[in-house]
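Trainee: Okay, handing you the structure first.
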Amino acid sequence: MTRIIGHDAVRTEILRAALSGRLHHGWILAGPPGIGKASLAREIALCLLAGEEAAGQVADTHPAARFFHAGTHPDYAALARLEKENGDLARNISIDQVRGLSRLLSTAPSISRRRVILIDSADDLERNAANALLKSLEEPPANVVFLLVSHAPSRLLPTIRSRCRLLRLS
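Heads up, the sequence shown is in my numbering, so the first residue is 1112 and it goes up one at a time.
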């Protein structure tokens, strides 16, 4: 996998926390649109899934990378606005999408040490979806990490912000 250039401090903070055994369950990667927050979040997710926190990158030949790039990693889920039939993106991430995480959240990791859920962009969660996510953030299952991409963290529910570590990117 090609390593994303920049944002080294954020990458290092999360991966060092994982190495130390003190990985927080929720992280908000915040900053203006177009600076690579989602790409960085995917890179971090893959490192966490592959157990390559020390290296900070994962070879494309690693089994976790093959599953990840094929979109079939059993311990990973990504939520984003869905495409509608007319090709436009839905206005929000729906409560049904968040509820769809329940199976992943209720099982042990399959091939990795942890499960990773990436939400791009958490700003797009409809209110009911945000409240459903909040339940998982308040009582996080073991070995689950939430990576929330946000362009405007002030738009997130205060209770979501309070349960996640906020990392600002520029």
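Backbone N, C-alpha and C fix where the C-beta goes; we use that ideal spot for every residue, glycine too.
Rounded to the nearest angstrom, what separates THR1123 and GLU1164 at their Cα positions?
Mentor: Translated into positions along the sequence shown, residue 1123 becomes position 12. Translated into positions along the sequence shown, residue 1164 becomes position 53. Rounded to the nearest angstrom, the two C-alpha atoms are 9 Å apart.
Trainee: On the three-pair Cβ rule with 8 Å, is the stretch 1223-1234 touching the stretch 1181-1199?
Mentor: yes
Trainee: Rounded to whole angstroms, how far is the Cβ of LEU1278 from the Cβ of ILE1146, which I believe are closer than 8 Å?
Mentor: One-based indexing of the sequence shown puts residue 1278 at position 167. One-based indexing of the sequence shown puts residue 1146 at position 35. Not quite, the Cβ-Cβ distance comes to about 12 Å (not below 8 Å), so this is no contact.
Trainee: Which same chain residues end up closer than 6 Å to LEU1236 when comparing Cβ atoms and leaving out the 5 residues on each side of it in sequence?
Mentor: The sequence position of residue 1236 within the sequence shown is 125, counting from 1. Closer than 6 Å at Cβ, skipping near neighbours: ILE1204.
Trainee: Along the chain, where does the alpha helix (DSSP H) that runs through VAL1227 open and close?
Mentor: Indexing the sequence shown from 1 puts residue 1227 at position 116. Counted as a single uninterrupted DSSP element, the stretch harbouring VAL1227 is not any alpha helix (DSSP H) but the beta strand (DSSP E) occupying residues 1226-1231.
Trainee: How close, in whole Å, do the beta carbons of ALA1129 and LEU1157 come, if the pair is a contact with beta carbons under 8 Å?
Mentor: On the sequence shown, position 18 is the one that residue 1129 refers to. On the sequence shown, position 46 is the one that residue 1157 refers to. ALA1129 to LEU1157, Cβ: 12 Å. No contact.
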